[in-house]
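These notes concern the structure reproduced below.
Protein chains in written order, with this note's numbering: chain D, 1 to 275; chain L, 276 to 550; chain P, 551 to 825; chain H, 826 to 1100; chain E, 1101 to 1375; chain X, 1376 to 1650.
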């Protein structure tokens, strides 16, 4: 169960309105690796954790924090949209090409649909969807999803930081970037704890002899050229300590060419007598 | 540029048709972490790699391998659909409740839309979409996306392995599971190489002093109870070696409650005089 | 900013596992009018409310309550999935047709993807998306969206109540149904307050003389037959008190047939000389 | 069954081409609350109405009217796209920054995909989808969906009216705005008739004693601060006349903290012995 | 502008309810090649036709017919859902395995969301979306899209015909199949007229010398084996009469391996010094 | 199984960076008729071809070629994004309106999400999805889908050719346009072969007497005016040679007005006694 306080997780005050940057900030709200994604990912992982209270609580804490980050960014977007222009581009262009570029570059839905508020969409106007969320019931798999999400998310926040000189936006981003530093660190810590106990291959519980172990440590060079042979993955002990990497320069097929049976007549596929 | 040979990466022969399992296998083709996702993820990452030939080649090799895995699974689906029933459920039910359950449980699109072939969709019939693909131009971020994808993917293949006793399906899955073992190992190796050079926080190139470092190593306990204090993330040196984890039991807001300006009249939001 | 407590908003204990009902319950989590929709709708409306603290707080309160309802339902789904069958349908069918029907009727992703946890998807496996959310900056418009959402939502909960005899599920649904009673009542109350001040047509701030008032109160009978003439909308004073309903039996076009200019050659549309 | 006449429901002639405004108008065609949504919503509601000929006809009439509104807007878009620029932005920019802003601000698909015609998409290029449509079989619920749709739709049309000074566009919008006035009025009238017979809570047919009535009229204050206590929803008789609103300042959980059983081994979730 | 009459384009009376077949019929309403697709495709094509009244009218006629086909199918779905079971599967299973299979096999949204009415979705519950619609402004291109849609659509209707023995369903399908026969014929006729005037390659207006004509008639054998050399496309005059087909057994690359510049530092891609 | 070589199918070197054109080129990668669509369409068709080796191989060849076209375009996009501006629009606008227009017109995700690489999305940022893919198991139906795809695809490439004066882009497009010439020719050839054997109506295997032949060759004039009577489809022998086209000026309904039964009480639709 959840509670809300009126204060923000951090301040969200731009120096001046900027509707084009408002459009860009949407990526951090409703993009593939925006706050809606991490909030839902952590909470759904938590709700599906069937023991392991320590990890469940870790996920609940961070998922709850992320709801507040959506709020923070939504507040920033609303302020960047203060007094957004509603003039026609062409009319504006005559007297003020810069204004024309702003009208052309802003998200029209901010002025038509949301009434100058944030939307649960990305910077290109695509609605957030739950296909971005990973929650598998396997903590090591999911902690890797989380580490990935925070890596992509911090990268995007840093790129946005570079794209503005508004000190208010930069200040807010510097907070989110720092929290992403922590979140990368904490998922790394959780991964470390889990790998110490389980090993590095997910899932750890599948009996080794049931997999086709002849190909478990082969690097298959499917492209001409062998630059890929120069990496750690091409020779030496495997990372899970259970095999030795081998580089296969010319990859053979391991199966025959398939021959399929014709479909039954009721499917009305192309009839077999057609040549 | 790509070439195709007729042989399969591995054999794909079930012992007998099974249209309900064909529906399940679709998850590995067109699901969030299916082969279409990893194929596109690795190839788009490769095509966006702007130096670093070793990693580019690594990605091209594995992305190309994955196209063949889609082919393998599509062949399996087609064979599991051989002679799928097209009788009406109710009619079938009268004489054969098992047949009725099969009709009810299979994907009707296999019989109506694809003509007993595989579809680029998941096990619930949702079309694959590119919102599943991560490709950021930052190799460490993306290698983590890849490790996550192979962890989730192997987990799903293992679960499907448990849900059948068809030796042909199990045989094919044991091959894919082994390749996922390799792929987890190889992305771990690549991550290891990158982290050795860059450190563990993505992106490594953002100057530390620009982030709000006071909150970079705080664990913020947003949920009542402190089970989360018992993990590696709550105390001790941070995983990046640049700070010390601290557990904040009672998390304060770092910003004030927001006050937004009213919208301009042209937006026709609720007028300010409404109470 | 948000906080979490470990207790649930209400209890969520089914009498026994039921994976087919778990699939159905997903509709209340990730369906068009599920809890993810109302949670996001109320919170995004609140974050975009640019004055009117009373309504902002109302929205924050209820939006925050709804996060807890997702948690409640996710917990129920997890329990309904306890020990879900992973046998193959055909094998099961031989000995136990009921089990076969369950395997055919459950959501395979619960066993393959989420590890027996809830997913942010609807009862047919379609991921939730933000296209379901209405938030316009106009409170009267949005309160109507909210009343609609709670009407549809309560209707769905009531239908699910009828589809089970599990007392634990019924108990939880009776709680959600009661909360939906309150939520319908509260949005009605808010609508009442707003309409008292603004009138019933949204937006209230558009000058009457700028609309084409000759057609503002005409009911246009576009279908043969006149059953529609028997309703309150066909005659008498209009609901906004500013006009009189009139029933137009034979609707004329108010515009001419369109003639479009040919496209410029650079578009390579069909060339004009083609007949 | 449907028939078409060549004349338009109203005239659709802009004063001059304007490809950026053509992009904006798309919101009224293929947006969440555009004409495609209301057309499909009213028609699917009608086709599912299982008695109640008066309402069925009402829905058919208005749904059929809306198909003509899509046509009207599509015609407007085609004319706004007459002679849209196909020059490269950078080349244009050198001599004509206003033209550059237009190229940057228009929807590139209008010139690449549709050949200067309207598309069934919103102003950000997102294809319309049927997740926007509400049709439940319960007329009161659905009339509320309709009132919401026309409220949001009129609001958007009014906002677009403010964003142009083209008299032709304004003229067409003034017609659509007037029709939306009627449609809000007519759905209000239908709601009035239904509420008089059924009461205000949807569905009206669920026995009161089956819901958890102790919480049916409680306002639960989930956020700190009590601005929300000042509304009509916080005290006095409830809108359905069957209870009394009560404001609960400190909301308790009504359920215990959940304890979930571990998953069965075949799921390969995190093994129970992991700490 | 459109009008509606109450009669159906054809009769839609099944012999008996059948909720599992209702789910299948949804494919013809809201599937990729269902009636919603063709209706929208033909109407949007018509609205974008900028001369060529004959084809515009042809498209308007058929698009209008298709709205009536949605109505026809929606009526059929409603009747197939009459008295659909709302019992719990497990309870049903005990006494009646056939009923259990029906509950497992029907679309739960028909009982939870639509109140036993048709939905604008496909047979797997995926909402229809406008990404299925082709409308390019080039008539020959679009007539080919239409011929394809009617080919796929008739194929699906025929397959459904095979999957039932209900004479009422078969009767309605035999009408739709016949109309699809006409529609294939009419698009073939339109294609014939256009190809006679323009030739067979779309668009016909692009100057031949601007394309890289050395590769305009080469069949490039990208897969090992040469079964593909046995078709009409591998030798002889090309279908457009402007070249000669040539079979290239060993396909060379026509471009060099790409070398990309590193990204600028502000992107925070992997730094160039990483190995 | 697939292999990759480092060389490109053709060269992909623009004369200069152009981030706005990079956004447009995305349409050819991830749009409805982009290379991802044809690649998947041809390969899934091939994998579902259950005999007919000649066509299977044809599809494999061309599908494999298309993967290389995605690579080609992705390389072009990466180069067009070299040194894309990351300045704030407003700051840029002060000194350089052309730069402002570029910032406003480019896809912000290229700078925030992909790190200046191509994305599997269209020119409006909508992720590619498999709803674009047609693969039915019936070769004639599918070859028509392919002919349509190549017609739409070539049209789009030609339009883009007109929108730039960069000789490098034009050169690459002239290659793709030529390949689309071939692909249209080859699908025409395949259609020709199939129609010679099967006739022109898909599927050819449905017994004529089972369709409602009275309406198989009627052109139904659903819109007022009879421009549509002037085409080949309105009179003369039908294209399949099995009937005679007839033009029906006044189209009657062939079915009665529907009367639906009320829903069972458990659905909680509007109660029957409501008027």
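Think of the CB as a built atom: it goes at the ideal place given N, C-alpha and C, for glycine as much as any other residue.
Where residue i sits in the DSSP three-state scheme
i, result
"residue 605 (chain P)", "helix"
"residue 1610 (chain X)", "coil"
"residue 307 (chain L)", "coil"
"residue 836 (chain H)", "coil"
"residue 679 (chain P)", "strand"
"residue 121 (chain D)", "strand"
"residue 40 (chain D)", "helix"
"residue 754 (chain P)", "coil"
"residue 1182 (chain H)", "Outside the displayed span of chain H (826 to 1100) sits residue 1182 (chain H), for which this structure offers no information."
"residue 1546 (chain X)", "helix"
"residue 21 (chain D)", "helix"
"residue 179 (chain D)", "helix"
"residue 1560 (chain X)", "helix"
"residue 1533 (chain X)", "helix"
"residue 1588 (chain X)", "helix"
"residue 140 (chain D)", "helix"
"residue 541 (chain L)", "helix"
"residue 1294 (chain E)", "helix"
Residues that DSSP places opposite residue i in a beta bridge
i, result
"residue 148 (chain D)", "For residue 148 (chain D), which the question treats as bridged, DSSP gives no partner whatsoever."
"residue 248 (chain D)", "D:220"
Expected contact under 8 Å - CB spacing of residue i and residue j to nearest Å
i, j, result
"residue 381 (chain L)", "residue 294 (chain L)", "4 Å"
"residue 1062 (chain E)", "residue 1247 (chain E)", "Residue 1062 (chain E) lies beyond the range of chain E shown here (1101 to 1375); nothing can be said about it."
"residue 12 (chain D)", "residue 79 (chain D)", "7 Å"
"residue 390 (chain L)", "residue 1506 (chain X)", "So it is not a contact: roughly 18 Å between Cβ atoms."
"residue 748 (chain P)", "residue 690 (chain P)", "6 Å"
"residue 522 (chain L)", "residue 504 (chain L)", "5 Å"
"residue 289 (chain L)", "residue 387 (chain L)", "Not confirmed; about 22 Å, so no contact."
The alpha helix (DSSP H) enclosing residue i, as first and last residue numbers
i, result
"residue 164 (chain D)", "Unbroken run through residue 164 (chain D): none, as it is neither H nor E."
"residue 661 (chain P)", "658 to 662"
Range covered by the beta strand (DSSP E) that runs through residue i
i, result
"residue 279 (chain L)", "277 to 279"
Mind pulling the beta strand (DSSP E) runs of 3 or more residues that sit fully within the stretch 320 to 378 of chain L? If only complete runs of 3 or more residues are kept, the stretch 320 to 378 of chain L shows no beta strand (DSSP E) anywhere.
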